Amino acid sequence: MTDTPIENIRNFAIIAHIDHGKSTLADRLIETTGALSAREMHAQVLDSMDIERERGITIKAQTVRLSYLAKDGKTYELNLMDTPGHVDFAYEVSRSLAACEGSLLVVDASQGVEAQTLANVYHALEAGHEIVPVLNKIDLPAAEPEQVRAQIEEVIGLDASEAVMISAKTGLNIEGVLEALVTRLPAPTGDGAAPLKALLVDSWYDAYLGVVILVRVKDGRLKRGQKIRMMATGAAHVVEQVGVFSPRMIPTDDLGPGEIGFLTAAIKTVADCKVGDTLTDDRNPATEPLPGFKPSVPVVWCGLYPVDADDFEKLRDSLAKLRLNDASFHYEAETSAALGFGYRCGFLGLLHLEIIQERLTREFALDLIATAPSVVYRVHRTNGAMEEVHNPADMPDGSVIDHIEEPWIKATILVPDEHLGAILTLCNDRRGQQVDLTYVGNRAMAVYRLPLNEVVFDFYDRLKSVSRGYASFDYQMDGYADSDLVKISILVNGDPVDALSFIAHRSAAESRGRAICGRLKDLIPRQLFRIAVQAAIGGRVIARETISALAKDVTAKCYGGDITRKRKLLEKQKEGKKRMRQFGKVEIPQSAFLAALKMDA
Amino acid sequence: MEPLALYIHWPFCLAKCPYCDFNSHVREGGVDEGRFTAALVREMAFEAGRVGRRPLGSIFFGGGTPSLLSPAAVGRLIGEATRRFDPVAGIEITLEANPTSVEAGRLAGFRAAGVNRLSLGVQSLDDAALAFLGRRHSAAEARSALATARTIFPRVSFDLIYARPGQSEAAWRAELAQALAFGPDHLSLYQLTIEPGTGFAARAARGELRLPEAEAQAALYQATGEAAAAFGLRPYEVSNYARAGAESRHNLAYWRYADYAGIGPGAHGRLTRGGETRAVRRVRAPEAWAARVEAEGGAIAEESALSPAERGREMLLMGLRLAEGVEEARFSARTGITLEAALEADVLAIALAQGYLERAGGVLRALPEGRLRLDSLLAALLV
Numbered sequence: 202m203t204d205t206p207i208e209n210i211r212n213f214a215i216i217a218h219i220d221h222g223k224s225t226l227a228d229r230l231i232e233t234t235g236a237l238s239a240r241e242m243h244a245q246v247l248d249s250m251d252i253e254r255e256r257g258i259t260i261k262a263q264t265v266r267l268s269y270l271a272k273d274g275k276t277y278e279l280n281l282m283d284t285p286g287h288v289d290f291a292y293e294v295s296r297s298l299a300a301c302e303g304s305l306l307v308v309d310a311s312q313g314v315e316a317q318t319l320a321n322v323y324h325a326l327e328a329g330h331e332i333v334p335v336l337n338k339i340d341l342p343a344a345e346p347e348q349v350r351a352q353i354e355e356v357i358g359l360d361a362s363e364a365v366m367i368s369a370k371t372g373l374n375i376e377g378v379l380e381a382l383v384t385r386l387p388a389p390t391g392d393g394a395a396p397l398k399a400l401l402v403d404s405w406y407d408a409y410l411g412v413v414i415l416v417r418v419k420d421g422r423l424k425r426g427q428k429i430r431m432m433a434t435g436a437a438h439v440v441e442q443v444g445v446f447s448p449r450m451i452p453t454d455d456l457g458p459g460e461i462g463f464l465t466a467a468i469k470t471v472a473d474c475k476v477g478d479t480l481t482d483d484r485n486p487a488t489e490p491l492p493g494f495k496p497s498v499p500v501v502w503c504g505l506y507p508v509d510a511d512d513f514e515k516l517r518d519s520l521a522k523l524r525l526n527d528a529s530f531h532y533e534a535e536t537s538a539a540l541g542f543g544y545r546c547g548f549l550g551l552l553h554l555e556i557i558q559e560r561l562t563r564e565f566a567l568d569l570i571a572t573a574p575s576v577v578y579r580v581h582r583t584n585g586a587m588e589e590v591h592n593p594a595d596m597p598d599g600s601v602i603d604h605i606e607e608p609w610i611k612a613t614i615l616v617p618d619e620h621l622g623a624i625l626t627l628c629n630d631r632r633g634q635q636v637d638l639t640y641v642g643n644r645a646m647a648v649y650r651l652p653l654n655e656v657v658f659d660f661y662d663r664l665k666s667v668s669r670g671y672a673s674f675d676y677q678m679d680g681y682a683d684s685d686l687v688k689i690s691i692l693v694n695g696d697p698v699d700a701l702s703f704i705a706h707r708s709a710a711e712s713r714g715r716a717i718c719g720r721l722k723d724l725i726p727r728q729l730f731r732i733a734v735q736a737a738i739g740g741r742v743i744a745r746e747t748i749s750a751l752a753k754d755v756t757a758k759c760y761g762g763d764i765t766r767k768r769k770l771l772e773k774q775k776e777g778k779k780r781m782r783q784f785g786k787v788e789i790p791q792s793a794f795l796a797a798l799k800m801d802a
Numbered sequence: 017m018e019p020l021a022l023y024i025h026w027p028f029c030l031a032k033c034p035y036c037d038f039n040s041h042v043r044e045g046g047v048d049e050g051r052f053t054a055a056l057v058r059e060m061a062f063e064a065g066r067v068g069r070r071p072l073g074s075i076f077f078g079g080g081t082p083s084l085l086s087p088a089a090v091g092r093l094i095g096e097a098t099r100r101f102d103p104v105a106g107i108e109i110t111l112e113a114n115p116t117s118v119e120a121g122r123l124a125g126f127r128a129a130g131v132n133r134l135s136l137g138v139q140s141l142d143d144a145a146l147a148f149l150g151r152r153h154s155a156a157e158a159r160s161a162l163a164t165a166r167t168i169f170p171r172v173s174f175d176l177i178y179a180r181p182g183q184s185e186a187a188w189r190a191e192l193a194q195a196l197a198f199g200p201d202h203l204s205l206y207q208l209t210i211e212p213g214t215g216f217a218a219r220a221a222r223g224e225l226r227l228p229e230a231e232a233q234a235a236l237y238q239a240t241g242e243a244a245a246a247f248g249l250r251p252y253e254v255s256n257y258a259r260a261g262a263e264s265r266h267n268l269a270y271w272r273y274a275d276y277a278g279i280g281p282g283a284h285g286r287l288t289r290g291g292e293t294r295a296v297r298r299v300r301a302p303e304a305w306a307a308r309v310e311a312e313g314g315a316i317a318e319e320s321a322l323s324p325a326e327r328g329r330e331m332l333l334m335g336l337r338l339a340e341g342v343e344e345a346r347f348s349a350r351t352g353i354t355l356e357a358a359l360e361a362d363v364l365a366i367a368l369a370q371g372y373l374e375r376a377g378g379v380l381r382a383l384p385e386g387r388l389r390l391d392s393l394l395a396a397l398l399v
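So the protein lines, in turn, are chains A and B.
202 is the number of the first residue of the first sequence in our numbering; add one for each residue after it.
17 is the number of the first residue of the second sequence in our numbering; add one for each residue after it.
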């Protein structure tokens with residue numbers, strides 16, 4: 202139970218590009234309002250996972266309640282919502298934002314607006330937020346606050362004349378931020394007497410408490426002991442605990458309208474807690490859920506295989522543990538002739554994929570081979586049936602396919618003018634369609650429609666490399682469209698290697714096929730026989746490389762005394778061979794798979 | 017019955033060469049020749065008792081350095097062998113010798129003792145290379161020993177080691193041309209390899225020694241074959257070159273997987289009786305070997321019957337080293353299995369298609385391209 206009247210509550214999020222200072226500002230706000238003592242503070246308090254801290258990205262939404270005595274003499278309850286900061290989690294971001302009334306838009310005064318900032322600002326505007334621009338790092342010599350202020354007005358269309366100028370690092374003008382929150386953001390509204398309506402913002406698994414759910418109460422009250430119902434899934438649970446984060450978990454009797462806090466209810470897995478769902482009172486339910494619920498759907502898939510086949514069980518257990526805490530991540534068992542037993546895994550996007558892979562490697566000490574990421578294709582058969590295919594191995598024979606649709610994205614790229622040419626070339630090479638091209642000062646903003654398939658193939662790395670790291674990129678899904686797609690098989694001495702096959706647009710098939718054959722030529726060591734590496738569409742070979750045989754390998758001296766040793770050596774080699782992955786009598790080392798699968802055109 | 021090949025091992029050297037991983041030992045205080053010769057004689061009698069009387073096709077004194085033996089001791093051993101077995105007409109009796117002046121002085125004695133083929137460990141005709149290889153003779157001594165040997169023995173062969181670190185193809189061609197100018201009818205030309213436990217292995221581990229890359233080795237091998245062929249020597253085995261009829265009969269017994277008996281420290285044998293082939297290995301350490309012989313008559317460290325599959329692998333790993341290949345009928349007779357049962361069919365098919373192997377007229381042989389990669393080929397090919 203809180204004593205703060207609803208008009209003294211402010212719920213806000215922070216929108217910022219990676220490295221523009223979101224976490225540092227959050228740390229300063231926590232420190233300044235005394236939510237944590239100096240002794241308890243450590244950098245990036247809200248990012249609890251190592252990977253979040255290291256990569257400067259937030260994976261799980263978090264919240265902290267700050268108590269602030271404002272200049273008007275009143276004490277305000279400020280709820281800071283730390284939102285996941287990447288496009289892959291766009292839906293999760295939108296739900297976090299829906300729990301707030303306003304946002305701080307933090308822009309690095311020496312860098313300016315980036316594509317990711319832009320996308321999140323649009324999400325905030327869609328959520329009806331009041332937005333307070335904050336220029337950070339104004340203490341840096343390279344800071345150009347006036348230009349960045351102009352840029353914000355020009356690109357985003359926000360009035361930046363009253364932007365708060367700060368340095369989160371040095372603590373300069375944190376007070377100004379707090380005052381802006383109090384004076385410029387609206388208080389939440391809600392009816393405490395109405396049936397309970399609370400937005401499920403996020404959830405995570407805690408080994409002691411079970412699933413912890415982060416909620417924003419819109420109407421009614423959420424109490425301990427109350428039986429609640431999830432309106433999308435219909436599941437009912439008895440609330441064991443409610444409380445707020447300070448950022449430590451502090452139990453309270455209830456949460457009222459406008460408040461953000463947590464509940465626990467002996468829930469076993471986060472998969473039962475859909476982000477965006479509405480919680481209501483089971484006995485006195487609301488008639489309508491809150492708007493905007495959307496189940497999460499993976500858009501990128503890849504196979505994950507243990508390098509050491511003995512690690513399969515460990516991989517299975519590790520995936521199950523990750524899934525406990527990340528319902529947006531999907532996995533199903535699959536086998537590959539090349540790689541053995543593994544899992545086909547679905548992700549919200551490329552970053553999500555990367556994060557899961559990295560966590561498996563780091564937190565669970567697994568050595569993994571990942572197959573090339575694939576998007577989800579809609580394959581329409583000649584008999585009228587449609588199926589979704591995200592594994593090249595599942596692609597039906599060309600003769601039964603009527604047409605294939607592939608997913609497209611709308612990408613926004615911000616880049617300094619001098620690199621624009623290279624970026625446009627890259628987008629055009631990737632079948633991009635230009636939607637818009639505008640200038641903001643010396644930065645260009647290109648909006649393109651691109652097939653997602655082209656983006657999962659190292660687009661991001663290429664973008665960074667052709668712009669020397671200056672381009673920023675963000676995207677949203679933008680529907681499906683018919684496409685002339687083909688499955689390219691890679692054959693080693695005539696044997697298809699399933700893990701290396703991929704789907705590409707016909708126009709790119711030959712160059713990709715040539716690229717992967719070339720790469721394999723460098724990766725597969727010379728062996729007894731010369732090796733033909735081919736890329737083929739159906740029965741038609743589109744690229745070919747030959748790896749010559751090893752030059753010489755014969756014992757110089759072999760007489761009567763050597764025969765036993767020699768035979769035993771051969772017998773031992775034979776045993777070793779049985780454990781190797783062979784294709785057409787060719788041994789492909791793990792390292793070759795790893796490197797070949799990393800590549801892209 | 018096929019004639020037997022008899023190997024006699026003399027395990028002592030004056031110094032250990034850094035490339036050599038043979039069972040050789042240096043005894044600073046000198047070697048009791050009488051004791052070890054007596055033990056060899058005794059073990060030969062012991063072995064003859066087990067094997068039974070057989071035609072004897074060849075005797076080979078190897079080492080170590082058997083040229084450190086006195087001619088009298090060599091004569092005694094030859095005498096014992098020819099009494100215990102039935103020497104065939106024209107029996108080949110080879111002795112390995114180092115071309116130092118001391119040993120060269122004994123050559124006439126060895127000939128008188130019955131040795132009719134000398135194998136000289138020349139190794140190089142370049143003084144710097146000889147020093148690198150840890151040899152105790154000079155190029156001049158080698159030339160002189162060769163010249164002397166040719167006047168004494170009806171058959172002389174010598175060894176050279178090439179593909180040494182930094183050796184260019186031109187330098188090797190020049191050295192080989194000098195060797196061929198002696199007009200030998202048999203040469204053993206070995207590419208240098210670094211064997212575990214040798215002085216070179218230690219140097220290689222420290223990064224002080226690096227062999228030429230496989231491509232360069234292949235080119236040197238090719239050049240060697242061409243130069244030898246120009247002098248009428250054909251590569252009848254991976255590293256052995258001879259005029260027709262001048263092949264080492266003793267070594268051919270190994271490669272053809274015929275029966276051979278080995279006596280002396282660490283010697284190996286393959287002996288067939290009643291359709292069963294047994295592998296025999298003798299005690300390796302010289303003194304321990306001698307003590308065992310003195311106590312029990314023979315010093316067998318290990319003896320086991322070989323399965324048909326094992327025999328098949330051994331016969332192929334030896335036989336495919338030979339230009340003549342492996343005769344299928346003989347293969348079945350010696351191993352008890354067919355060639356098909358011993359080979360991976362799919363590898364055989366690729367090897368035939370890629371010109372590594374040839375199968376014609378009831379013979380399977382490795383062609384030059386296959387012999388060049390024989391170790392890898394065998395690893396894939398043998399079941």
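Beta carbons: idealized from backbone N, C-alpha and C, even for Gly.
Bear in mind the structure is a predicted one, so any value in this text is a computation, not a measurement.
Measure the beta-carbon distance from A/L279 to A/R211 and round it to whole angstroms, keeping in mind my assumption that it falls under 8 Å. In the first sequence, the residue the question calls residue 279 of chain A occupies position 78. In the first sequence, the residue the question calls residue 211 of chain A occupies position 10. That belief holds up - the Cβ atoms of A/L279 and A/R211 are roughly 5 Å apart, short of 8 Å.
Would a check of beta-carbon distances place B/V254 closer than 7 Å to chain A? Locating residue 254 of chain B in the second sequence gives position 238, counting from the first residue. Chain A, which has a Cβ nearer than 7 Å to the Cβ of B/V254, makes this yes.
Test: A/T747 CB closer than 7 Å to a CB of chain B: Here residue 747 of chain A is taken as the residue at index 546 of the first sequence, counted from 1. Output row for A/T747: interface = no.
Alpha-carbon to alpha-carbon, A/Q634 and A/C628: Taking the first residue of the first sequence as 1, we reach residue 628 of chain A at position 427. Taking the first residue of the first sequence as 1, we reach residue 634 of chain A at position 433. Spanning the two alpha carbons is a distance of roughly 8 Å.
Environment of A/Y409 [buried if 16+ CB atoms lie within 10 Å]: Locating residue 409 of chain A in the first sequence gives position 208, counting from the first residue. The residue in question, A/Y409, is exposed, as its Cβ has fewer than 16 Cβ neighbours within 10 Å.
With respect to the alpha helix (DSSP H) encompassing A/P346, which residues constitute its N-terminal and C-terminal limits? The count along the first sequence starts at 1 and reaches residue 346 of chain A at position 145. Residues P346 to Q352.
Could you spell out the range, first to last residue, of the beta strand (DSSP E) harbouring B/R294? Here residue 294 of chain B corresponds to residue number 278 of the second sequence, with the count starting at 1. Boundaries of the beta strand (DSSP E) harbouring B/R294: E292 to R298, taken from the DSSP string.
Should B/E59 go down as buried or exposed, given a rule of 16 or more other Cβ atoms within 10 Å for buried? Position 43 of the second sequence, counted from the start, is the residue given in the question as residue 59 of chain B. So B/E59 ends up on the buried side.
Whose C-alpha, out of A/M587, A/H553 and A/K775, is nearest the C-alpha of A/A291? Taking the first sequence and counting its residues from 1, the one referred to as residue 291 of chain A is at position 90. Among A/M587, A/H553 and A/K775, the Cα nearest to that of A/A291 belongs to A/H553.
Would DSSP call B/M331 helix, strand or coil? For the purposes of this step, residue 331 of chain B is taken as residue 315 along the second sequence, with counting starting at 1. The answer is helix: DSSP assigns B/M331 an H, G or I state.
Stretch pair the segment 525 to 533 of chain A + the segment 427 to 436 of chain A: three plus CB contacts closer than 8 Å: Contact between the segment 525 to 533 of chain A and the segment 427 to 436 of chain A is absent, with fewer than three C-beta pairs closer than 8 Å.
Through-space distance from A/G222 to A/S684, alpha-carbon basis: For this step, residue 684 of chain A is matched to residue 483 along the first sequence. For this step, residue 222 of chain A is matched to residue 21 along the first sequence. Straight-line measurement puts the Cα of A/G222 at about 42 Å from the Cα of A/S684.
Would you call A/P790 buried or exposed, if buried means 16 or more other Cβ atoms sit within 10 Å of its Cβ? The sequence position of residue 790 of chain A within the first sequence is 589, counting from 1. A/P790 sits exposed, since fewer than 16 C-beta atoms from the chains shown fall within 10 Å of its C-beta.
Is there a Cβ from chain B that is less than 7 Å from the Cβ of A/T756? On the first sequence, residue 756 of chain A is found 555 positions in, with the first residue counted as 1. Chain B, which has a Cβ nearer than 7 Å to the Cβ of A/T756, makes this yes.
Contact under 7 Å by Cβ, A/D699 with A/A539: One-based indexing of the first sequence puts residue 699 of chain A at position 498. One-based indexing of the first sequence puts residue 539 of chain A at position 338. Yes. Within cutoff.
Could you please give the first and the last residue of the uninterrupted alpha helix (DSSP H) stretch that includes A/I367? The residue labelled residue 367 of chain A in the question sits at position 166 within the first sequence. No alpha helix (DSSP H) holds A/I367; DSSP gives it neither H nor E.
First and last residue of the beta strand (DSSP E) that includes B/P34? Residue mapping note: residue 34 of chain B aligns to position 18 of the second sequence, counting from 1. Element bounds for B/P34: n/a, residue is neither H nor E.
Can you tell me where the alpha helix (DSSP H) with A/S600 in it begins and where it stops? Counted from its first residue, the first sequence places residue 600 of chain A at position 399. That residue, A/S600, is in no alpha helix (DSSP H); it is neither H nor E in DSSP.
So that I know if they touch, is there some Cβ in chain B lying closer than 7 Å to that of A/R741? Counting from 1 along the first sequence, the entry for residue 741 of chain A is found at position 540. By the rule that beta-carbons nearer than 7 Å mark a contact, A/R741 does not touch chain B.
By the 10 Å Cβ neighbour count, where 16 or more other Cβ atoms means buried, how is A/K469 classified, buried or exposed? Within the first sequence, numbered from 1, the residue matching residue 469 of chain A stands at position 268. The residue in question, A/K469, is exposed, as its Cβ has fewer than 16 Cβ neighbours within 10 Å.
Between A/L692 and chain B, is the shortest Cβ-Cβ distance under 7 Å, so that the two count as touching? By 1-based counting over the first sequence, the position of residue 692 of chain A is 491. Answer no: the Cβ-Cβ gap between A/L692 and chain B never drops below 7 Å.
Does A/L638 pass the burial test, meaning 16 or more other C-beta atoms within 10 Å, or should it be called exposed? Within the first sequence, numbered from 1, the residue matching residue 638 of chain A stands at position 437. Exposed.
Measure the Cβ-Cβ separation of A/A594 and B/Q207 and say whether it is below 7 Å. Along the first sequence, one-based indexing puts residue 594 of chain A at 393. Along the second sequence, one-based indexing puts residue 207 of chain B at 191. Result no, Cβ atoms of A/A594 and B/Q207 do not sit closer than 7 Å.
Can you tell me whether DSSP reads B/R250 as helix, strand or coil? What you label residue 250 of chain B is simply residue 234 of the second sequence in a count that begins at 1. Reduced to three states, the DSSP call for B/R250 is strand.
What does the Cβ neighbour count give for A/M587, buried or exposed, with the cut at 16 atoms within 10 Å? Within the first sequence, numbered from 1, the residue matching residue 587 of chain A stands at position 386. By the 10 Å Cβ count, A/M587 comes out exposed.
Using the Cα positions of A/I216 and A/P492, report the straight-line distance between them to the nearest angstrom. For the purposes of this step, residue 216 of chain A is taken as the residue at position 15 of the first sequence. For the purposes of this step, residue 492 of chain A is taken as the residue at position 291 of the first sequence. Near 22 Å, if we compare the C-alpha coordinates of A/P492 and A/I216.
CB contact flag (A/L692, A/A797, <7 Å): As a position in the first sequence, residue 692 of chain A is number 491, starting the count at 1. As a position in the first sequence, residue 797 of chain A is number 596, starting the count at 1. In this structure, A/A797 does not lie closer than 7 Å to A/L692 by Cβ.
Using beta-carbon positions only, say whether B/M321 and B/R298 come within less than 7 Å of one another. The sequence position of residue 321 of chain B within the second sequence is 305, counting from 1. The sequence position of residue 298 of chain B within the second sequence is 282, counting from 1. A small fix is needed here, since residue 321 of chain B is Ala in this sequence, not Met. Cβ distance not < 7 Å, so B/A321 and B/R298 don't count as in contact.
Distance, Cα to Cα, B/G80 vs B/A128? To locate residue 80 of chain B, count along the second sequence from 1; it is residue 64. To locate residue 128 of chain B, count along the second sequence from 1; it is residue 112. So the two alpha carbons sit approximately 22 Å from each other.
Which residues mark the beginning and the end of the alpha helix (DSSP H) in which A/Q735 is found? Against the first sequence, residue 735 of chain A aligns to sequence position 534. Unbroken run through A/Q735 is the beta strand (DSSP E), I732 to I738; no alpha helix (DSSP H).
Contacts of B/S392 in chain A (Cβ-Cβ under 8 Å): Mapped onto the second sequence, residue 392 of chain B falls at position 376. Residues of chain A passing the Cβ test: Q728, L729, L751 and D754.
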